[in-house]
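Asker:
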Amino acid sequence: MSKLFSVIAVATCLLAPTLVLPLVLGARSAWAEGTPVRVRGTVVSLDGSKLVVHTNDGKDVTVNLKDKYAALAVVKSSMDEIKQGTFIGTATEPQPDGSLRAVEVVVFPESLRGFAEGHYPWDLGPKSMMTNATIAQKVQKVDGETVDVTYKGGEKKITIPTNVPIVGLVPSEHSDIEPGAHVFVPTEKQADGTLLAGAVLFGKGVLPPM
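Letter 102 of the sequence shown, counting from 1, is numbered 101 in numbering that gives the first Met the number 0, and no numbers are missing.
Structure, rendered in C-alpha cells:
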C-alpha cells in the first residue's frame with residue numbers, strides 16, 4: 000500500500016499496533032526519512048537492537064532496530080474474517096478486465112482501521128500493488144470471493160481466490176523473535192547505507208506473505 004507501513008516506536012506491545020502499521024503496510028508518507036527497503040527471510044540472530052536476516056535471495060542483512068521496536072506475530076486468519084465493513088490490506092496483481100487479483104490478505108483489527116489507507120505500488124511482482132481499504136461489498140463465488148473496497152480517493156474491485164494466504168497481526172514480545180523465524184521487516188535505508196526498522200513481523204505458524 001503506497002502509504003503502507005511506517006516504522007513504529009512504541010512504549011509497549013499493546014500500543015505497538017496503533018503506531019506501527021503505517022510502516023508494516025508501506026505507507027509512502029511513512030518513508031520520508033529514508034528509502035523503503037522490505038527485508039524478507041529468516042532470522043539469523045537478534046542481539047539487542049541488531050537483527051541479522053538471511054534473506055530470500057541468499058544474503059545476510061543487518062537491520063538496526065529502533066528503541067522499543069514492535070514485534071508483531073503474523074498468524075493464520077480465514078476467509079470468514081473478510082466481511083463487509085472489515086479493513087484489510089492486500090497485495091494484488093492486475094487482471095485483463097481491469098480488476099485486481101489478491102496474492103495475500105492482511106485482516107486488520109478494528110483498532111488499526113484506516114492505517115496506511117490507499118492504493119500504491121508494491122514489490123511482490125512487476126505490477127503488484129498494495130491496497131489498504133474497507134470492504135464495501137462482498138460476493139461469494141465458487142473459487143473464492145470478490146470484494147469492492149473503498150479508500151480515501153478511490154475504490155477497487157478485488158478477487159480473492161480460495162488459495163491465497165490470509166493472515167492477521169498480533170502484538171508480541173521481542174523474545175518471541177527466534178533464530179530461524181520467518182520475518183518481514185519494513186526498513187528505511189539511511190544516508191550511510193544502513194537499514195533502520197521500527198517493527199519486525201514474524202510468522203507464527205505461517206509464512207509472512209506480505
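From the three backbone atoms N, C-alpha and C, an ideal C-beta is built for every residue, glycine too.
Helix, strand or coil, according to DSSP, for L99 in the structure here?
Answerer: Strand at L99.
Asker: So the candidates are V182, I134, K188, R39; which of them puts its Cα closest to the Cα of Y150?
Answerer: If we check each option's Cα against that of Y150, I134 comes out closest.
Asker: Going by the DSSP bridge assignment, what does F201 pair with across the sheet?
Answerer: According to DSSP, which records beta bridges pairwise, F201 is partnered with A72, V182.
Asker: Hey, N55 and L195: beta-carbon distance below 9 Å or not?
Answerer: Taking 9 Å as the Cβ cut-off, N55 and L195 do not qualify as a contacting pair.
Asker: Check for me: the beta strand (DSSP E) holding S217 runs from which residue to which?
Answerer: A question about residue 217 goes unanswered here, because the residues of the chain that appear run from 0 up to 209.
Asker: Near N162, which residues of its chain fall below 6 Å by C-beta distance, leaving aside the five closest residues on each side in sequence?
Answerer: Here the set comprises nothing.
Asker: With distance defined between alpha-carbon atoms, name the residue in V205, T85, V146 nearest to I157.
Answerer: Out of V205, T85, V146, V146 has the C-alpha closest to the C-alpha of I157.
Asker: Could you give the distance in angstroms between the alpha-carbon of L24 and the alpha-carbon of V148?
Answerer: Note that L24 has pLDDT 43, beneath the 50 cutoff, so the model's placement of it is unreliable and the number below is only indicative. Their backbone Cα atoms lie some 17 Å apart in a straight line.
Asker: Tell me the rounded alpha-carbon separation between T61 and K49.
Answerer: Straight-line Cα distance between these residues: approximately 7 Å.
Asker: Just to confirm the assignment, what range does the beta strand (DSSP E) spanning D147 have?
Answerer: Note, D147: beta strand (DSSP E), 143–150.
Asker: Within 9 Å of any Cβ in chain D, is that where the Cβ of D59 sits?
Answerer: The structure shown contains no chain D; it is built from a single protein chain.
Asker: Could you tell me which residues DSSP pairs with Q227 in its beta bridges?
Answerer: This structure does not reach residue 227, given that the chain is present from 0 up to 209, and the question cannot be answered.
Asker: Per DSSP, what kind of secondary structure is E111 in: helix, strand or coil?
Answerer: With the sequence shown as reference, residue 111 is identified as Leu, and Glu is not the correct amino acid for it. In this structure, L111 counts as helix in the three-state DSSP scheme.
Asker: What is the residue span of the beta strand (DSSP E) that P125 lies within?
Answerer: Careful: P125 lies outside any beta strand (DSSP E) and carries neither H nor E.
Asker: For the beta strand (DSSP E) holding H53, just list the boundary residues, first then last.
Answerer: Element bounds for H53: 49–54.
Asker: Between the region 110–123 and the region 173–182, are three or more C-beta pairs nearer than 8 Å?
Answerer: No contact exists between the region 110–123 and the region 173–182.
Asker: Classify D79 as helix, strand or coil using the three-state DSSP reduction.
Answerer: Note: D79 maps to helix in three-state DSSP.
Asker: Along the chain, where does the beta strand (DSSP E) that runs through T91 open and close?
Answerer: Residues 86–93.
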